[in-house]
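This report concerns only the one structure given below.
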């Protein structure tokens, strides 16, 4: 049912300049780093912008310049990881691409997939058999010409003796996908079935629905497996498969109907089949419109057949016109599942909505098609529609007559590139202000694995038609971050992407923190300022006055040199008018202030000399006629993570005319240093960090200068720029981004010397980054290891047992070609490996080559070099792999090769949702129940059922739970799913407008939290730990929407 709600209007945010007392550190971050800016016109082929680079912005302290609104970007609050972005490579796409000239086909594929000069698409959808867009479509043939890999004339073939992918070889699919992987080896493929062979189905046809006969479930599992193995044999690993495209539709093209119970049963069969044959291809369920997330997708996950452990995630389409909020509801109820938008071509504003609702990837529909007059070739080629979006060009289309002209790139290509060119696989979404101006301005932000921040902002009046010119007015937006601010006036109907290099270093984890304050407004408790949410908040509840304070207890002494106060999304103007910052080791003796200044609307950043203390206090020093609010407080340590480059200088052995080595430090990949000559041994590039720094990794990113990476490198360090260390690492450059790790160094200067050569390129660096990292290590549970040889009891498994007292050892002198390999048991996002030789002195590899594989068949080298140290940490740009192999490339006649501990580096992951308290023994009551619901439906463990008021919110409703006994808890979660709003609804779910949370043990009620929402589908409310039996949530706002709870969860 569609329900509407008045939008929550947030005031435009004005920022105050930051002022520091002379004897104290300046309070505002913002150190002059460059912000790269790129525009594309919104789905408009005639628009002014097509991935057009704009003049860069410069990070500066947050100020009071007038703007239309402020977007707060907060990297300390993280969400889902990013798996990839792409579309389809189905039959029609391949058919059209192969009608181009060979040169045009290559150029078109480069435009789509090249990571340096193209859109860097990294996740593409394939078909298993034939889909509705199929060049073999013929309405006069049986099943209209559609086909599978084992049609066999309609005769049953349960042994699949006639299974073959020869059609894909003959029609150029295989060769085209192989060409894609040559252009971008990081592309991943997932595949979907529209229909299995007709003889497996109860209607004996590929078309018009029909269901798979249960006796053929195991045969269909073999069919999937044979497809994966056949593609694998062609050097095309399959990352994932979906269980069925749109499993509830019946259409006169390849379709198959499944019930949730049937799909769950098949998921078990398929998962067991894959496991028994050693395949770890991921399995995704649903693959259908978001409206079916709960009545189908959730039912598969909850089915008593036990399908859930075999299912990695769910795939969503969005043809239903709904706001994509169901994925958020699913995430919080089933946090171990990945979520993917597997099919729809939609505008950038919708893509923002998708990513803001926990989706890990996005795939558009159709890369290359033509109009005949409908889109085709295939079932739809003669179709007509009064929807203008029906006739919007695909990513690539014919520039003239189909089959006898070149190609052109269209509007979607450019708007999608605003995401895919900048957000790297392995990135993690970070917090940013929700929609502004009633949804006209939307945004989403990510932190890349290399540490850079990407913000995509869309200025577009909401509409359900992507191709309509909305004449949206320009908006001047302040982007406030812990690194400072920049301001941009974004033209109407435009997508803007911003990328910058942070200046703060790593954020400290708030785990174990507590907070207190001198004044608190009701139950807007101080804990809500450290719960990693900008939607909950602490508020003082009174006008600001000198002496008011907010204090953090970090649990133990921690090192930090910046505090950032995010005022949150609800009351962002309640900044501290005038303040001082104090630190303490015991919470009693505070000493002198370490910083002072005035606050800034949206985000107040305070920097100071490095501290190592347990307590931090921000204390007001003057009065102000407003309250004081903190939505989220974060601490940073610029000595860890990506190091700030303030005051750094660079030099080189030579520089191109009008070039400058300093450009590698400006934060932009659009500028560069280049040596102006072919790479040759002895050339060098050097950075002076101004003072000694501790670091363990460098990153040389060549940016868009194709092929200009170092062919070989040697890294040395110095404290005076004269006396240099012996090489701390050396290696071979393998691509545009060279990452080099080594044992921790403390030095002022870093020099990279070229050791390779190339005749057709220069040596260029667009960005030179230095890190002091502690990268995340993957859990090694279920891993296995093998090696070329073993010495006695020094077996490969010893490297995975967590003990440095055991080891694997080769038992022979080191020699080229020796290898060690780990099977991680599943496909992971990885960014490096560690090989610790521990007490086996000198038994580190004299040279290494690291190779990775998703399937154990197709291998690719991702790092090559040497590190003369017992503990080798080897970094590389993020890859997705199941297998890792290290091959010895050096020799050492006096040493064996030994590894005591082998680890694989992962990527940052979102914080745990937590484990909810069991609902066993609970009962629920409510005020305002309607629409045939009952309170018990909100505690039954299923989102597909719900309690709802059935009427507009009046501010008098409550929902109450009896936990059955006294429990200890500190958070409640209201999951509004399955309430679904339409795409243009300003509030997309039945969340409470305002809330108050009370607890009791059977006597008086105590209010422990209160707040407001922006209509987000899941409301998580934190408060100081309570011991109580009863929880009552009052809804205190008014709205034309209902109040709905799909599941009410409680966390300790």
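Residue numbers (mature numbering (1 follows the signal peptide of the UniProt record, and there is no 0)): -25 to -1, 1 to 1027. C-beta: ideal position from N, C-alpha, C; glycine also.
Could you pull out every residue in the same chain whose Cβ sits closer than 6 Å to the Cβ of residue 817, ignoring the five residues on either side in sequence? 870
Looking at the strands, I want to know which residues DSSP matches up with residue 761. 796
Could you check how far apart the C-beta atoms of residue 966 and residue 56 are, in whole angstroms? I think they sit under 8 Å. Residue 966 to residue 56, Cβ: 25 Å. No contact.
The alpha helix (DSSP H) enclosing residue 937, as first and last residue numbers: From DSSP, residue 937 is part of no alpha helix (DSSP H) but of the beta strand (DSSP E) over 932 to 950.
Closest to residue 98 by C-alpha separation, out of 412, 155, 270 and 840, would be which residue? If we check each option's Cα against that of residue 98, 155 comes out closest.
What is the rounded straight-line gap between the Cα of residue 374 and the Cα of residue 24? 19 Å
Roughly how far, in whole angstroms, is the beta-carbon of residue 462 from the beta-carbon of residue 471, given that I think they are within contact range, below 8 Å? The pair is not a contact, with the Cβ atoms about 12 Å apart (cut-off 8 Å).
Can you tell me whether residue 137 is helix, strand or coil according to DSSP? coil
Member of 845, 641 and 917 whose CA lies at the smallest distance from the CA of residue 953: 917
Compare the C-alpha of residue 678 against each of 632, 271, 739 and 427 and name the closest. 739
8 Å contact criterion, which residue 47 and residue 578 should meet: CB distance rounded: 5 Å
Distance CB(residue 787)-CB(residue 721) smaller than 9 Å: Cβ atoms of residue 787 and residue 721: not closer than 9 Å.
Check whether the Cβ atoms of residue 1029 and residue 525 sit closer than 9 Å, and answer yes or no. Because residue 1029 is not part of the residues shown, which for the chain are -25 to 1027, the question remains open.
The stretch 906 to 916 touching the stretch 257 to 271, judged by at least three CB pairs closer than 8 Å: No: the two stretches stay apart, fewer than three of their Cβ pairs being nearer than 8 Å.
Identify, in the order they occur along the chain, each residue of the same chain with its Cβ nearer than 6 Å to the Cβ of residue 152, setting aside the five sequence neighbours on each side. 211
Over what stretch of residues does the beta strand (DSSP E) that includes residue 999 continue unbroken? 993 to 1010
Enumerate, from N- to C-terminal direction, the unbroken alpha helix (DSSP H) stretches of 4 or more residues contained entirely within the stretch 226 to 270. 235 to 251
Quick one: is residue 372 buried, meaning 16 or more other Cβ sit within 10 Å of its Cβ, or exposed? buried
Do residue 862 and residue 741 have their C-beta atoms within less than 9 Å of each other? no
Could you tell me the alpha carbon to alpha carbon distance between residue 1018 and residue 889, rounded to whole angstroms? 25 Å
Does the Cβ-Cβ distance between residue 53 and residue 422 come in under 9 Å? yes
In the DSSP assignment, what residue or residues form a beta bridge with residue 1028? In the structure as shown, the chain starts at -25 and stops at 1027, and residue 1028 therefore has no counterpart that could be examined.
DSSP-derived helix/strand/coil call for residue 5: At residue 5 the pLDDT is 48, less than 50, meaning the model places this residue with poor confidence and gives no usable figure here.
C-alpha gap between residue 867 and residue 564, whole angstroms: Roughly 58 Å between the two C-alpha positions.
Residue 998 and residue 440 closer than 9 Å at C-beta: no
Which of the three DSSP states is assigned to residue 609 in this structure? Residue state, collapsed to three classes: strand.
Are three or more beta carbon pairs between the stretch 36 to 47 and the stretch 483 to 491 nearer than 8 Å? no
In the DSSP output, which residue or residues are listed as bridge partners for residue 675? DSSP links residue 675 through a beta bridge to 713 and 743.
Collapsed DSSP secondary structure at residue 686 in the structure displayed: coil
Grab the span of the alpha helix (DSSP H) containing residue 197 for me, first residue to last. Membership of residue 197 in the alpha helix (DSSP H) is indicated by the continuous run 192 to 208.
Could you say which of 639, 265, 307 and 708 lies nearest to residue 291 if we only look at CA atoms? Closest in C-alpha terms to residue 291, from the list 639, 265, 307 and 708, comes 265.
Inter-residue spacing [alpha-carbon to alpha-carbon] between residue 821 and residue 797: 20 Å
Does chain B have any CB closer than 9 Å to the CB of residue 889? You won't find chain B in this structure, because it holds only one protein chain.
Could you tell me whether the stretch 935 to 942 touches the stretch 999 to 1015, where touching means 3 or more Cβ pairs closer than 8 Å? Three or more beta-carbon pairs separated by less than 8 Å link the stretch 935 to 942 to the stretch 999 to 1015, which places the two stretches in contact.
Could you pull the DSSP bridge partners for residue 319 from this structure? Bridge partners of residue 319: none, in fact.
Work out the CA separation of residue 948 and residue 973 for me, nearest whole Å. 14 Å
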